[in-house]
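*Asks:* Sharing a structure with you now.
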DNA sequence: ATTTTTGCATTGCAGTTGTATTGGGAAGCG
DNA sequence: CGCTTCCCAATACAACTGCAATGCAAAAAT
């Protein structure tokens, strides 16, 4: 075998560039050549690692989704062992909300892909499992009966807050206040 | 003056076609020619009523937003005079949620435009006022202190439910259960 | 040393994009 | 009738799209 190249790393490099383009100009600006330029590579190389644009999109969706899980993991890990459930939930959700500019960029990309997935069911499959397992996890942290419903409503609230944060309808302070109020209720 | 044509009606006809295309294939499939075909007119005619694509997009955004307001208005009007606030809220929100296929189509379009607006601030301006006035209205229906916060959280919850409905994570039954639970809490 | 496999840049191609331009037909007004 | 004003269709065009094909250099395998 000739020239050893970390295939996965290259794909990730390209996917990162794709996300940068999508975060700044939207998914419609994502083309082979734009992504290649953003990644600082030739268009031919992008083609070398993704035989089709759809393949590149699918990979990028997977990266976005796994990046979200990593965010949660890191936030949880930073809390140490056996943190109080409420603090843990607040930390997790705050980690997923687009509160600062880097996470806003990720949020815009995730939103764009979400909209993309609503008209491309085969792409939606990659997004569903991650939220479904999130619901279960959140439910395990909530007290008393109705934990499943509480988890659903808490996550739906989170998504809505994320939307309004991205749209500029809410400030981070407002969003966190709403979140805390909901947590007050769930743990009352 | 020659041939009298209802300018506004033509533009609305075209915008409807645009929304049909966007609902079925996403915003990326929205081109002058696609929209023209969907509307059953020539591409030149579309160009005649919208000098640029951005202008067409802006008009369509306005139509989407005003269609949402109309939905709310109709739902409220159907309740007659002085309905109980809780029923009114539930009716309004249910009217805005993508619960059946027609409203799902609208939801997909609205979502696509929302994502579009996050990377085009000048388009976002058209979306913000409608939600802001919705917050005020909802707040006026909620009891006791903290009505403003309650309204914010209720609307954020609504948006999140809408997302999950479109994404297929929630069924309509689940979404409405979550909504009712939240209303229980707000009116307790 | 030769062969073979892989990494990647370049180029070409057919199709689509938004927009500008041209031209003519229809309908109101004088 | 003439004529002006508007409606709209058709065409042209440069830029861009995704993708296929080609070619070549580097490096492992033999």
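Residue numbers (our numbering), protein chains in the order written: chain A, 1 to 188; chain B, 1 to 188. Built from N, CA and C at the ideal position, the CB exists for glycine as well. Just so you know, these numbers come straight off a predicted model, no measurement behind them.
1) If residue 155 of chain A and residue 97 of chain A are in contact, beta carbons under 8 Å, what's the gap, nearest whole angstrom?
2) Could you give the first and the last residue of the continuous alpha helix (DSSP H) run that contains residue 100 of chain B?
3) Going by DSSP in three states, residue 79 of chain B sits in which element: helix, strand or coil?
4) Please indicate yes or no: does the CB of residue 90 of chain A lie closer than 7 Å to some heavy atom of the ligand GTP?
5) Between the alpha carbons of residue 37 of chain A and residue 43 of chain A, how many angstroms are there, rounded?
6) Give, in chain order, every unbroken run of the alpha helix (DSSP H) that is at least 4 residues long and sits entirely within the stretch 11-93 of chain A.
7) So, does the CB of residue 25 of chain A fall closer than 8 Å to a CB anywhere in chain B?
8) Roughly how many angstroms separate the alpha carbons of residue 157 of chain B and residue 123 of chain B, rounded to a whole number?
9) Taking the straight line between their C-alpha atoms, what separation do you get for residue 46 of chain B and residue 54 of chain B?
10) Just by C-beta distance, which residues in the stretch 141-164 of chain B are closer than 9 Å to chain A?
11) Using 8 Å for Cβ pairs, my map puts residue 127 of chain A next to residue 114 of chain A. What's the rounded Cβ distance?
12) Put residue 125 of chain B into one of helix, strand or coil per three-state DSSP.
13) For residue 17 of chain B, which residues of its own chain have a beta-carbon under 7 Å away from its beta-carbon, when the five flanking residues on both sides are left out?
14) Can you list, in chain order, the residues of the stretch 118-134 of chain B whose Cβ is nearer than 9 Å to any Cβ on chain A?
15) When the Cα atoms are used, what is the spatial distance from residue 166 of chain B to residue 4 of chain A?
16) Taking 8 Å as the cut-off, decide whether the C-beta atoms of residue 63 of chain B and residue 108 of chain A are in contact.
17) Should residue 178 of chain B be labelled buried (16 or more other beta-carbon atoms within 10 Å of its own) or exposed?
18) Taking C-beta pairs closer than 8 Å, name the residues in chain B that residue 69 of chain A reaches, listed in chain order.
19) Any C-beta of chain B sitting closer than 8 Å to the C-beta of residue 114 of chain A?
20) Among B/76, B/94, B/146, B/51, which has the Cα closest to the Cα of residue 173 of chain B?
21) If you reduce the DSSP assignment to three classes, tell me which class residue 171 of chain B lands in.
*Replies:* Put simply:
1) Along the first chain, one-based indexing puts residue 155 of chain A at 155. Along the first chain, one-based indexing puts residue 97 of chain A at 97. The beta carbons of residue 155 of chain A and residue 97 of chain A sit about 12 Å from each other, so the pair does not count as a contact at 8 Å.
2) As a working note, residue 100 of chain B is residue 100 in the second chain. First-last for residue 100 of chain B: undefined, no H or E at that position.
3) Position 79 of the second chain, counted from the first residue, corresponds to residue 79 of chain B. Note: residue 79 of chain B maps to coil in three-state DSSP.
4) The ligand GTP is absent from the structure shown, which contains no ligand whatsoever.
5) Against the first chain, residue 37 of chain A aligns to sequence position 37. Against the first chain, residue 43 of chain A aligns to sequence position 43. Looking at the two C-alpha atoms, the distance is approximately 8 Å.
6) For the stretch 11-93 of chain A, the continuous alpha helix (DSSP H) assignments of 4+ residues that do not extend past its boundaries occur at 32-39, 43-49, 53-77, in sequence order.
7) The residue given as residue 25 of chain A occupies position 25 in the first chain. Judged by the 8 Å Cβ criterion, residue 25 of chain A is in contact with chain B.
8) Along the second chain, one-based indexing puts residue 157 of chain B at 157. Along the second chain, one-based indexing puts residue 123 of chain B at 123. Going by the C-alpha atoms only, they are around 24 Å apart.
9) Locating residue 46 of chain B in the second chain gives position 46, where the first residue counts as 1. Locating residue 54 of chain B in the second chain gives position 54, where the first residue counts as 1. Between residue 46 of chain B and residue 54 of chain B, the C-alpha separation is close to 12 Å.
10) If the cut-off is 9 Å between Cβ atoms, the stretch 141-164 of chain B has 146, 149, 150, 152, 153, 155, 156, 157, 158, 159, 160, 161, 162, 163, 164 near chain A.
11) As a position in the first chain, residue 127 of chain A is number 127, starting the count at 1. As a position in the first chain, residue 114 of chain A is number 114, starting the count at 1. Contact between residue 127 of chain A and residue 114 of chain A holds: their C-beta atoms lie close to 7 Å from each other, under 8 Å.
12) Within the second chain, numbered from 1, the residue matching residue 125 of chain B stands at position 125. DSSP places residue 125 of chain B in coil when its eight states are reduced to three.
13) As a first step, residue 17 of chain B must be located in the second chain, where it is residue number 17. Excluding sequence neighbours, residue 17 of chain B sits near 35, 38, 39.
14) Here the close residues are 118, 119, 120, 121, 124, 127, 128, 131, 132.
15) Here the question's residue 166 of chain B lines up with position 166 in the second chain. Here the question's residue 4 of chain A lines up with position 4 in the first chain. Each residue's Cα considered, the two are about 43 Å apart.
16) For this step, residue 63 of chain B is matched to residue 63 along the second chain. For this step, residue 108 of chain A is matched to residue 108 along the first chain. Taking the C-beta atoms as reference points, residue 108 of chain A is found no nearer than 8 Å to residue 63 of chain B.
17) Numbered from 1 along the second chain, position 178 holds the residue referred to as residue 178 of chain B. Counting every other CB atom within 10 Å of its CB across the protein chains shown gives residue 178 of chain B a total of 16 or more, marking it as buried.
18) Mapped onto the first chain, residue 69 of chain A falls at position 69. Going along chain B, no residue has its Cβ under 8 Å from residue 69 of chain A, so there is no contact; the nearest lies around 16 Å.
19) In the first chain, counting from the first residue as 1, residue 114 of chain A sits at position 114. Closer than 8 Å: yes.
20) Working through the second chain from its first residue, we reach residue 173 of chain B at position 173. With distances taken between Cα atoms, residue 173 of chain B lies closest to B/94.
21) As a working mapping, residue 171 of chain B is identified with position 171 in the second chain. In the three-state reduction of the DSSP assignment, residue 171 of chain B falls in the coil class, being assigned neither a helical nor a strand state.
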